[in-house]
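Asker: Pasting a structure below so you can have a look.
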Amino acid sequence: MKRFVPLSKLIATFAFSFCALVMHTPGPLVGWVILELILLLISGQLRQNGKAVFSLVIFAVFLGVVQYLGGGSLVSAYVTGLRMLAMTIIFIILLTTTRLQDLTASLVTQLRIPYEYAFMFTAALRFVPDFIAESKYVQEAQSCRGLVSTGNVFKKSIQYMSVVQPLLLKSLGRAETMALSLELRGFGSTEHQFMSNVRLTSRDYILVVVMVAVSVGMVYLRMQGQV
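Listed below in structure tokens is the structure:
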């Protein structure tokens, strides 16, 4: 997966998500999720992102339960959870096999998205892992100071404010430092140059053609009532 340029991987990601939306039976969706897990394993990112995948599975189960309790059938509950799982795992593959600098270059030079919007998108992705790590560090620091989360949900929510407050202060400090750094580097200029080579190669064109063909085939199978 790392051999493909960001644009072809973006197209493949949206094609996988589109196919997941087209499917309306549990069987094909299970196969689709298994295929994505195999791709994640081949790319060498399954072990590193095992916890993220497990969290997505838990959330998929939760969505299925909500769908079922809301009056949906058991099949629709399965489809809802599996569809969410299929649409999120493929994005994990995209983000873990693509450098954010290359993704920014592809969004700006090939998709013609304004640089400011592309930068905000990739910057948000870049700081999500840092934010999660800082949250863990703050929780450990507060636990060393005697903070114990006990009681019902409301008490735990109130106690968690002692974690949220320093986390927000750290985030504000990081944002201020980042804004100053961007200003010093001339952020907002109309001219941008990228060192990343994001031109499509023959393998990228083959991937795009295959994904378009798969999407068309999936629509045809849906019209025939087979997926």
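Residue numbers (my numbering): 65 to 291.
Glycine included, each C-beta is placed from N, C-alpha and C at the ideal position.
Being a predicted model, the structure only gives us computed values, none of them experimental.
(1) Within 10 angstroms of its Cβ, does Phe126 collect 16 or more other Cβ (buried), or is it exposed?
(2) Could one say the Cβ of Val125 lies closer than 8 Å to chain B's Cβ atoms, at least one of them?
(3) Does DSSP classify Glu5 as helix, strand or coil?
(4) For the alpha helix (DSSP H) holding Tyr132, just list the boundary residues, first then last.
(5) What did DSSP end up calling Ile270 once you bin it into helix, strand or coil?
(6) Could you tell me whether the region 173-193 touches the region 120-140, using the rule of 3 or more Cβ pairs below 8 Å?
(7) My output table needs one value for Tyr179: the three-state DSSP class, helix, strand or coil.
(8) Is Lys66 helix, strand or coil when you go by DSSP?
(9) Could you tell me whether the region 128-147 touches the region 101-116, where touching means 3 or more Cβ pairs closer than 8 Å?
(10) To the nearest angstrom, how far is the alpha carbon of Leu159 from that of Arg286?
(11) Mapping DSSP to helix, strand and coil, what is Met87?
Answerer: On the basis of the data shown:
(1) Flag for Phe126 reads exposed.
(2) Given the protein chain composition of this structure (a single chain), no chain B is represented.
(3) Outside the shown range of the chain (65 to 291) lies residue 5, about which nothing can therefore be said.
(4) In the DSSP assignment, Tyr132 falls within the alpha helix (DSSP H) that extends over Gly114 to Leu133.
(5) DSSP places Ile270 in helix when its eight states are reduced to three.
(6) Fewer than three pairs of CB atoms, one per stretch, sit closer than 8 Å, so the region 173-193 makes no contact with the region 120-140.
(7) DSSP places Tyr179 in helix when its eight states are reduced to three.
(8) Taken through DSSP and simplified to helix, strand or coil, Lys66 comes out as coil.
(9) In short, these stretches do not touch, since the Cβ pair count stays below three.
(10) The straight-line gap from Cα to Cα measures roughly 29 Å.
(11) In this structure, Met87 counts as coil in the three-state DSSP scheme.
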